[in-house]
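Below is one structure, written out as structure tokens; the observations come after it.
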Amino acid sequence: MISLSLALCISAFGSLCLGMPRHFEQVFKRKPHPWQQRTLRLLGWGLLGLAIVPAIHALGPSVGLALWASALTIGALLQGLLLTYRPGLVVPLSLLAPLLALPLLAT
Amino acid sequence: MKQLGFRQTNAWLHTWTGLLLGWLLYAVFLTGTLSFFHQEISFWMKPELHGSVADGSSAERAIERLQQLAPDAAQWSISLPTERNPALDVQWFAQGERVGRGGGQRLTLNAATGEPLEVRETRGGGFLYRFHFELYGMPRVTARWIVAIATMVMLVAIVSGVVTHKKIFKDFFTFRPRKGQRSWLDAHNATAVLALPFHFMITYSGLLLFMYMLMPWGVSSAYQGDMQAYFSEAGNRRGAPERGAERSAGVPVAAELTAIAPLLAQAQQQWPRGAASIQVSNPNTQRAQIELREHGGDSLIERGRGQQMRFDGVTGAPLAMPATPPTSVTNAVYNVFSSLHLIRFAGPPLRWLFFISGLLGTAMIATGLVLWVVKRLPERRKLGRTPFGHRLVEVLNVGTVAGLPLAIAAYFWANRLLPAGLAQRSDWEIRSFLIIWLLCLLHPLLRSHKRAWQEQLVAGAVLFAGLPLFSLALPHSGLPASLASGNWLLASMDLTLLASAALLAWAAYKLGCHQPAATRSPQRPPRKALASAEEVSA
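Those protein sequence lines, which keep their order, are chains A and W.
Take the first sequence: its letter number 96 is residue 96 in the numbering used here, and every next letter is one higher.
Take the second sequence: its letter number 294 is residue 1294 in the numbering used here, and every next letter is one higher.
Take a look at the structure:
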């Protein structure tokens, strides 16, 4: 559950950074349409909110929120580093992260 | 003098509060971050415990040992092995002795055999933990005031920093490497803003913790100085009367103690995390009672306080527990923040997340300190000499940012090398830490700025890398052995030491590649330079 929350944060920040024209251009080499920008931002915020759910489900409201806050940090840090050094990986990682986290849920 | 705008005022505040207390805050943040793992560090620093492996019957072995050592004691306390400390700690109080925190006799037992262990005398991670809010070698209250004021300033620096770096959210994901001052500013911003919720939480909760320590006037005037009454009214455990006081006079009648295993099994059914400790009062008498305490609770509001179970020590029948009072709102808020700060509740994954956030905070302070110097390089070049103040900041930067990790490595080395029989051994460990740190603060005076950085970083890397190697020579502490047996408590400490060494070596290598901006031939395009000069208002 912790890993799912973290994965959703990674996807959320991936989506949020692509919602910023500068970083969209960095990854896709073109300017985003306004609707793309809006959709990506909405999706990003939505995923950030969604990431609270597994955290609270696993650890209860108080510890869960603390976990969520530190997962935000890690997610944003990771995407920031990717944009700097490997912008090509932002999209694949954002898509794959929640899928990778699912098998870990069984354990 | 020209009136400063709101942003400039904040920039001024941020720069100077940050600089003046930055070194202290760096030390507090780094040692505080390590304190998230202070139990693990303490365990690593006691290699004698590394052979201890807990199993299902460790509790019975502890009882057996206590039956031999102190069958007619007034009370036994047993701390059961946990995932953070796999050894048994036992303590007993003789008849008539006051039952309190400091008294009694203590012993550490091997959880696998019940044999007493001769553990080297060390303060372990506890020293780093204490240092992060009480420093060392000065009156406790003074030191706490100093750190509390620094914490307050940190809060000011966080808020004024957000105001100062106006593009902090626009540049949220931005890091531009190899661009001199620009990169330092990016790194400073990124480490600050990415972990902003953490920074705010840890600083604010730190202040709340200090509040009770340093400003008890509200409480003490309301309760006429009777803090005990306040704490018991507030439902805090500290106020609970010692159970030793319940003992009535009279000659105890001997009776055999019931077996502990069925009681633990009962507790295990109710508590998924199991029991943390066992307390037996009046063992081997008719009045014997056994109390089990739960291993860390779930809710921050309860401050991670576990439940208790009490049993009759002869029949093993469960006894009623006094009801726990509900937690008031004020206490709930205080409990949530103080537990967050101390992460009382956390399992290893959350501990690691907090640890990384703490390292980011440490990096934020370090990059801020370096930024102060880098930003003033052009001014110095124009001036043609280095003003005394700039040199002082450089020296303190090297001695703190690179010197403190080096001193911590020295502390660990002292732990390994000092002979076990040395008088005041644990004090000597701490002295080694302080001496090396002092040397690190003096060393940059004799070397050029870049040389000083490189030499201290390399020395730190060598010392950290050597520690896991040295552990190979100890019977149960080597990295391959702990990896093979899945002893992650030890293995992760060794791996972290290696990672620290790699990080310091990498920093030294990067510094070696670095060419000062003056010797680089082409200047940046003027438009961009102008734009960044405008942004950099810190």
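Glycine included, each C-beta is placed from N, C-alpha and C at the ideal position.
Can you name the residues of chain A whose CB is closer than 7 Å to the CB of residue i?
i: Phe1337(W); result: Those do not exist, as Phe1337(W) stays about 11 Å from chain A at its closest Cβ, beyond 7 Å.
i: Leu1340(W); result: Ala66
Please classify residue i: does DSSP put it in a helix, a strand, or coil?
i: Trp1092(W); result: strand
i: Trp1271(W); result: coil
i: Arg1007(W); result: helix
i: Glu1294(W); result: strand
i: Pro1071(W); result: coil
i: Ala1261(W); result: helix
i: Ala1111(W); result: coil
i: Ser1448(W); result: coil
i: Ser1077(W); result: strand
i: Pro1086(W); result: coil
i: Leu40(A); result: helix
i: Val1280(W); result: strand
i: Arg1061(W); result: helix
i: Ala1054(W); result: coil
i: Gln1286(W); result: coil
i: Arg1098(W); result: coil
i: Pro1116(W); result: strand
i: Ala1255(W); result: coil
i: Arg1106(W); result: strand
i: Gly19(A); result: coil
i: Phe1200(W); result: helix
i: Phe24(A); result: helix
Chain W partners of residue i, CB-CB under 7 Å?
i: His23(A); result: Phe1173
Spatial neighbours of residue i within its chain, please: CB distance less than 7 Å, with the 5 preceding and 5 following residues excluded, ordered by chain position.
i: Ala1366(W); result: Tyr1026 and Val1401
i: Gly1022(W); result: Ile1365, Gly1368 and Leu1369
i: Gly1161(W); result: His1014 and Ala1192
i: Thr1174(W); result: Asp1186
i: Leu47(A); result: Leu8, Ser11, Ala12 and Ser15
i: Arg1287(W); result: Pro1252
i: Leu104(A); result: Ser3
i: His1050(W); result: His1476, Ser1477 and Leu1490
i: Ile1158(W); result: His1199, Phe1200 and Thr1203
i: Glu1563(W); result: Given a span of 1001 to 1538 for chain W in the structure shown, any question on residue 1563(W) remains unanswerable.
Grab me the residues of residue i's own chain with a C-beta within less than 6 Å of its C-beta, minus the 5 sequence neighbours each way, in chain order.
i: Ala1074(W); result: Phe1093 and Gln1095
i: His1165(W); result: Asn1189
i: Ser1248(W); result: Low local confidence applies: a pLDDT of 49 at Ser1248(W) is under 50, so the model's placement there is unreliable, with the coordinate-based value given in what follows. Result list for Ser1248(W): empty, nothing under 6 Å.
i: Leu1474(W); result: Pro1047
i: Ser1077(W); result: Gln1091 and Gln1279
i: Gln1067(W); result: none
i: Ser1471(W); result: Ser1477 and Gly1478
i: Leu40(A); result: Ser15, Leu18 and Gly19
Could you name the residues of chain A that residue i contacts, counting a contact when the two beta carbons are closer than 8 Å?
i: Phe1169(W); result: Result: empty, since nearest Cβ-Cβ is about 10 Å, beyond 8 Å.
i: Phe1036(W); result: Simply none; closest approach about 11 Å.
Mind pulling the chain A residues with CB within less than 9 Å of residue i?
i: Leu1350(W); result: Ile2, Leu59, Val63, Ala66, Leu67 and Ser70
i: Phe1354(W); result: Ala66 and Ser70
i: Leu1214(W); result: The premise fails here: Leu1214(W) is roughly 25 Å from chain A at the closest Cβ pair, so nothing lies under 9 Å.
By Cβ distance below 8 Å, which residues in the same chain neighbour residue i in space, the five residues on each side in sequence not counted?
i: Leu1359(W); result: Thr1033
i: Leu89(A); result: Leu82
i: Arg1084(W); result: Gln1039, Glu1040, Phe1043 and Leu1489
i: Ala965(W); result: Examination of residue 965(W) is not possible in this model, given that chain W is present from 1001 through 1538 alone.
i: Thr1113(W); result: Arg1061
i: Gly1244(W); result: Any reading at Gly1244(W) needs caution, since the residue's pLDDT is 44, under 50, leaving its predicted position unreliable; the model's value is listed next. The answer, listed in chain order, is Ala1074, Gln1075, Phe1093, Arg1098, Val1099 and Ser1281.
For residue i, verify whether its CB is less than 7 Å away from any heavy atom of the ligand SAM.
i: Ala1157(W); result: You won't find the ligand SAM in this model; it holds no ligand whatsoever.
I'd like the ranges of any alpha helix (DSSP H) spanning at least 4 consecutive residues and lying wholly in the segment 1462-1497 of chain W.
1479-1484
Entirely enclosed beta strand (DSSP E) segments - the segment 1308-1361 of chain W, minimum 3 residues
1308-1312
Quick one: which residues of the segment 1191-1202 of chain W get their C-beta closer than 9 Å to a C-beta of chain A? List them in chain order.
Thr1191, Val1193, Leu1194, Ala1195, Leu1196, Pro1197, Phe1198 and Met1201
Determine which residues of the segment 72-95 of chain A have a Cβ less than 7 Å from any Cβ of chain W, and write them out in chain order.
Leu72, Thr73, Ile74, Ala76, Leu77, Gln79, Gly80, Leu83 and Thr84
Please identify, using Cβ separations under 9 Å, the residues of the segment 2-13 of chain A that lie next to chain W, in order along the chain.
Ile2, Ser3, Leu6 and Phe13
Could you please tell me which residues of the segment 1356-1371 of chain W, in chain order, have their CB closer than 8 Å to any CB of chain A?
Ile1356, Ser1357 and Leu1360
Can you list, in chain order, the stretches of the beta strand (DSSP E) that have 3 or more residues and sit fully within the segment 1349-1425 of chain W?
none
Members of the segment 1174-1187 of chain W near chain A, C-beta cut-off 7 Å
Phe1175 and Pro1177
At what residue ranges does the segment 1118-1188 of chain W contain a whole run of the beta strand (DSSP E), taking only runs of 3 or more?
none
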